[in-house]
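Residue numbers for the sequence shown, in our numbering: 17 to 198.
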Amino acid sequence: MFPAKVAADLDIDKLETFFQERLISLLEAEGKPLTHIMAVLAVDTAEGWSQIKSRLDAVAEFANLPQSQALAAANKRITNILKKVDQPIAAQIDTDKLTEPAEQQLHAQLLQLVPVANAYFAAGDYTAHLKTLAGLREAVDHFFNDVMVNADDVQIRQNRWALLKQLQTHMNQVADISRLAQ
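Printed below as a string of structure tokens:
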């Protein structure tokens with residue numbers, strides 16, 4: 017596509033930054049809020065930028081839900097908790113280590129809602145995906161009100177991290193929801 021000399025001299029990171037900055041300007045000119053744009057661009061997707069507009073539309077609808085700010089704040093809290101973890105987080109949750117009713121409830125809600133949300137996501141219906149996961153708000157609130165994430169028992173603590181990591185992963189498939197927190 018480019019002559020060898022030009023291709024060798026290209027700084028791909030600079031080029032990508034240029035395109036991203038231009039895209040941000042164009043989307044802002046269309047009236048898209050910068051917080052929504054940055055939330056969407058924070059997620060590395062397989063389809064690249066081809067789904068940005070539909071993701072932005074989904075984020076806009078999600079942001080108008082009564083649950084959105086509480087879930088965005090919880091997502092930000094999860095990010096901050098997991099940032100401090102200095103070891104690998106298990107991919108699987110050990111249900112025998114879910115000792116508190118609030119964490120059992122959150123896990124049950126995840127098991128119930130995630131397959132539905134993932135089906136919407138796979139179909140490209142990002143709005144339905146986020147609206148489905150908004151149903152987790154009450155369980156998330158109870159979890160943070162009733163459960164000490166960094167429990168003294170190492171295995172319970174690690175299991176809670178795994179639960180939070182799963183929640184974060186599913187909540188942030190469309191956009192980094194924590195960036196919507198005010």
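By construction, the Cβ of each residue, glycine as well, lies at the ideal position given by its N, Cα and C atoms.
All figures in this text were calculated on a predicted structure; none of them were measured in a lab.
Following the DSSP letters along the chain, one finds leucine 114 in no alpha helix (DSSP H), marked with neither H nor E.
The three-state reading of DSSP puts serine 66 in coil, since its state is none of H, G, I, E or B. Boundaries of the alpha helix (DSSP H) around alanine 86: 84-99. Scanning Glu46, Lys147, Gln103 and Ala79 for the CA closest to the CA of arginine 173 turns up Gln103. For leucine 196, no alpha helix (DSSP H) run applies, since DSSP gives it neither H nor E. DSSP places alanine 139 outside both helix and strand once states are collapsed to three, so it counts as coil.
In chain order, Lys113 place their CB closer than 7 Å to the CB of glutamine 171, counting only its own chain and leaving out the 5 sequence neighbours on each side. In the three-state reduction of the DSSP assignment, lysine 48 falls in the coil class. Under the Cβ criterion (8 Å, minimum of three pairs), the stretch 66-84 counts as touching the stretch 190-198. In the structure shown, asparagine 175 falls within a helical segment according to DSSP collapsed to helix, strand and coil. Counted as a single uninterrupted DSSP element, the stretch harbouring aspartate 60 is not any alpha helix (DSSP H), since DSSP gives it neither H nor E.
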